[in-house]
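**Q** Residue numbers (my numbering): 85 to 230.
Have a look at this one before I ask anything.
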């Protein structure tokens, strides 16, 4: 089990499968923010976690035959986007929903009023409007009876 300190809290990588962050909005429950199984490009691929940022996982991609990165030559770091495992949406808005949930939780966790978090907050609001538009487009509203 690995542990890495983030600006907004701690993360842990458990059993080589998921990275979890504690979110106080869920009572401090450890919530998955990255699923290693869905990020693998091959059956024998593993991820040796080096670090986690608010949006990316920094890791060394290893093969099943050698699950630990070599020291020489120096291993190449890969960046993989964080993606919370959510149920897929029927209308194809899964990526928008995942981004909105993850960034909203990270913003609330950090609760900083600096320029970067304000820009991120604006981006979350834009994403929420896109989600609302997708929901409206997918819905067929009944004609109102007056």
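C-beta: ideal position from N, C-alpha, C; glycine also.
None of these values were measured; they are calculated from a predicted model.
Can you give the Cα-Cα distance for residue 156 and residue 208, rounded to whole angstroms?
**A** Here residue 156 is taken as the residue at index 72 of the chain shown, counted from 1. Here residue 208 is taken as the residue at index 124 of the chain shown, counted from 1. Taking the straight line from one Cα to the other gives about 42 Å.
**Q** Residue ranges of each alpha helix (DSSP H) run of no fewer than 4 residues wholly in the region 97 to 150, ordered along the chain?
**A** Segments of the alpha helix (DSSP H) lying fully in the region 97 to 150: 120 to 123.
**Q** Determine, using beta-carbon pairs with one atom in the region 105 to 119 and one in the region 163 to 171, whether at least three such pairs fall under 8 Å.
**A** Yes, the region 105 to 119 touches the region 163 to 171.
**Q** Report, in whole angstroms, the separation of the C-beta atoms of residue 180 and residue 164, which I expect to be a contact under 8 Å.
**A** Along the chain shown, one-based indexing puts residue 180 at 96. Along the chain shown, one-based indexing puts residue 164 at 80. That belief does not hold up - the Cβ atoms of residue 180 and residue 164 are roughly 19 Å apart, past 8 Å.
**Q** Check residue 177 in the structure and name its three-state DSSP category.
**A** Here residue 177 is taken as the residue at index 93 of the chain shown, counted from 1. Residue 177: coil per DSSP, three-state reduction.
**Q** Determine the contact status of residue 184 and residue 211, defining contact as a CB-CB distance below 8 Å.
**A** To locate residue 184, count along the chain shown from 1; it is residue 100. To locate residue 211, count along the chain shown from 1; it is residue 127. Contact: yes.
**Q** List the DSSP bridge partners of residue 163.
**A** Reading the chain shown from its first residue, position 79 is the one you call residue 163. For residue 163, which the question treats as bridged, DSSP gives the partners 142.
**Q** In whole angstroms, what separates the C-alpha of residue 111 from that of residue 222?
**A** By 1-based counting over the chain shown, the position of residue 111 is 27. By 1-based counting over the chain shown, the position of residue 222 is 138. Taking the straight line joining both Cα atoms gives about 34 Å.
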